[in-house]
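In what follows, a single structure is set out as structure tokens and then discussed.
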Amino acid sequence: MSYWVVGGTYKDTNFQELEKGSELERHGPYNSYNEAKKEWDRLSWLNVDSCNTRYIILPHK
């Protein structure tokens, strides 16, 4: 199984619609959850001050 880190900057904290002009970011695939988690940590800390930025880890079979 591989993993992807997916997300970006959203219009609001409902996280339903990306901010105008933004595209969904996809990072990966990573061979393990731990590798994906490291990238999630890095991206999350880069955007720690933006409450509208969100990333999640998705498994891919």
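Just so you know, the numbering used here puts the end of the sequence shown at 1332, numbered straight through with nothing missing. Even for Gly, the Cβ is constructed at its ideal location relative to N, Cα and C. The structure displayed is predicted, hence computed values, not measured ones.
What three-state label does DSSP hand E1296 in the structure shown? If you number the sequence shown from 1, residue 1296 lands on position 25. The answer is strand: DSSP assigns E1296 an E or B state.
Tell me T1275's beta-bridge partners as DSSP assigns them. Here the question's residue 1275 lines up with position 4 in the sequence shown. With the sequence shown as reference, residue 1275 is identified as Trp, and Thr is not the correct amino acid for it. Note: W1275 sits in a beta bridge opposite L1329.
Residue from K1282, E1288, P1300 with nearest C-alpha to Y1274: Within the sequence shown, the letter at position 3 stands for residue 1274. Cα-wise, what sits closest to Y1274 is P1300.
Assigned exposure category for G1292 - 16 Cβ within 10 Å defines buried: For the purposes of this step, residue 1292 is taken as the residue at position 21 of the sequence shown. When all chains shown are included, G1292 counts as exposed.
To the nearest angstrom, how far is the alpha carbon of I1327 from that of V1277? As a working note, residue 1327 is residue 56 in the sequence shown. As a working note, residue 1277 is residue 6 in the sequence shown. Distance between the alpha carbons of I1327 and V1277 is about 5 Å.
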